[in-house]
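Here the structure comes first, spelled out in structure tokens, and everything after it is commentary.
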Amino acid sequence: MAAKRFPVEASHILMFARSVGDDNPVYSDEEAAKKTEAGGIIAPPTFVQSSAQFDPDYFLRPKIGQPWFGSGKNPTGITRAPGGGGGGGGGGGGGLHAEQHYEYHRAVRAGDVLTATTFPGKTWEKEGKRSGKLVFSESVTEYRDQNGELVVTARGVGVRTERPVEQPAPAKA
Amino acid sequence: MPLKASDLKVGDVHTARLVEDLKRTQIVQYAGASGDYNPLHTDEIFTTQVAGYPSVFAHGMLTMGMTGKMLTDYVGDARLTKYGVRFTSQVWPGDTLDSTATVTEVGGGIAKFDVKTVNQNGVEVLSGYAEARVD
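These protein sequences, in sequence, are chains A and B.
Residues in the first sequence are numbered consecutively from 1, following my numbering.
Residues in the second sequence are numbered consecutively from 1001, following my numbering.
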């Protein structure tokens, strides 16, 4: 996740907090937030993940005029290259989020303008029981504020699976 | 209210229900807010017919976000210094999740916790840790 400019806005925090089912007024009510120890609207602990919105190249967002792998007329908008793919194909069977770690140097506040800089980390492989060969890759993202100070350090681990993860029991959904 | 070190002892447990009968719409809400529009989470046709999963499933980060509410409700606003997790099982629409923080260490103004979230069948979906400043 790389973003040259990640403006932290109160309305975005409100929507994000709602989506994770968190009605704490410190994320939505300026007046109530002022009376808390935080002293104003802050962001929930996993909010920086939404810097994806400000990463121009983020690959899990449909882009104007470009093919998208989700369904439309067909189950996927991307024609698979002959012999290509394996796994779930179409970009679908592959990437899952395996781990996420945050270190908070201070709270993220409405009004902050952050930058997100991502550094690649280790890569390793493992044989999985439920999904074939697993390829893990790590990345570290530093979120810095308008003064260049480190606010959050995020370390993510993604995993690409050889095939979709087998389910232990029939789907409940 | 922030936690006081004097009120905490190793082994103390805090639990909270994160969600009951997770709706697809909440997953859509999370996709929109976070910017992660991977169709695996919102597009049933793609997910079942192309990716080969039985249904769409929640973003790991939605589970981490909901578990984060359990933590911040417990330790107080702006008190977390570390929070990390592994996603150990997928979360599906219809799931009910319960989360637990267990105190593992208290001292030097910091409390450490083991964090765990399970589904309605007792299957662990998230496992991790957190650290917070305490008074």
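Virtual Cβ for every residue (Gly too), placed ideally from N, Cα, C.
By the neighbour-count criterion, in which 16 or more other beta carbons inside 10 Å mark a residue as buried, residue 71(A) falls on the buried side.
Under the criterion of beta carbons closer than 8 Å, residue 17(A) and residue 1087(B) do not qualify as touching, at roughly 21 Å. Here residue 139(A) is near residue 119(A), since their CB atoms are less than 8 Å apart.
Contact of residue 143(A) with chain B is not assigned, every C-beta pair being separated by 8 Å or more. The beta carbons of residue 1130(B) and residue 1071(B) sit about 5 Å from each other, so the pair counts as a contact at 8 Å. DSSP, read as helix, strand or coil, puts residue 1098(B) in strand. By the rule that beta-carbons nearer than 8 Å mark a contact, residue 1097(B) does not touch chain A. The segment 1075-1087 of chain B and the segment 1113-1131 of chain B touch, with three or more beta-carbon pairs separated by less than 8 Å. Counting C-beta pairs closer than 8 Å gives fewer than three between the segment 34-43 of chain A and the segment 1019-1028 of chain B, which falls short of the contact rule. Taking 8 Å as the CB threshold, residue 1110(B) stays off the interface with chain A. When Cβ pairs closer than 8 Å are counted between the two stretches, the segment 5-25 of chain A is seen to touch the segment 110-125 of chain A, the count reaching three or more.
When C-beta distances to chain B are compared with 7 Å, the residues of the segment 3-23 of chain A below that value are 15, 16, 18, 19, 20, 21 and 22, in chain order. Secondary-structure assignment with DSSP links residue 1114(B) through a beta bridge to 1102(B) and 1129(B).
In the assembly as shown, residue 1006(B) is an exposed residue. Its beta-carbon has fewer than 16 other beta-carbons within 10 Å. For residue 1120(B), the closest alpha carbon among the candidates 1057(B), 1111(B), 1090(B) and 1098(B) is that of 1098(B).
Taking a cut-off of 8 Å on C-beta distances, the segment 1050-1066 of chain B touches the segment 1025-1042 of chain B, as three or more cross pairs fall below it. The three-state secondary structure of residue 98(A), taken from DSSP, is strand. The beta carbon of residue 70(A) sits closer than 8 Å to some beta carbon of chain B. By the Cβ-count criterion, residue 152(A) is buried, with 16 or more other Cβ atoms from all chains shown falling within 10 Å of its own Cβ. In the DSSP assignment, residue 1030(B) falls within the alpha helix (DSSP H) that extends over 1024-1034. The segment 124-160 of chain A contains, as complete beta strand (DSSP E) runs of 3+ residues, the segments 132-144 (chain order).
Using beta-carbon distances, residue 1017(B) does not count as an interface residue toward chain A, since no partner is under 8 Å. Bounds of any alpha helix (DSSP H) do not take in residue 35(A), whose DSSP letter is neither H nor E. A residue is called buried when at least 16 other Cβ atoms come within 10 angstroms of its Cβ; residue 59(A) does not meet this threshold and is exposed.
With respect to the C-alpha of residue 74(A), the residue from 1094(B), 1053(B), 1089(B) and 1045(B) having the closest C-alpha is 1045(B). In this structure, the straight-line span from the alpha carbon of residue 117(A) to that of residue 57(A) is close to 13 Å. Put simply, the backbone Cα of residue 1114(B) is about 25 Å away from that of residue 27(A). Listed by position along chain B, the residues whose Cβ is nearer than 8 Å to that of residue 164(A) are 1051, 1052 and 1053.
Ranked by how close their Cα comes to the Cα of residue 100(A), the residues 14(A), 33(A), 37(A) and 155(A) have 155(A) in first place. Residue contact with chain B for residue 131(A): absent (no Cβ-Cβ distance below 8 Å to any residue of chain B). At a cut-off of 8 Å, the C-beta of residue 1004(B) has no neighbouring C-beta in chain A.
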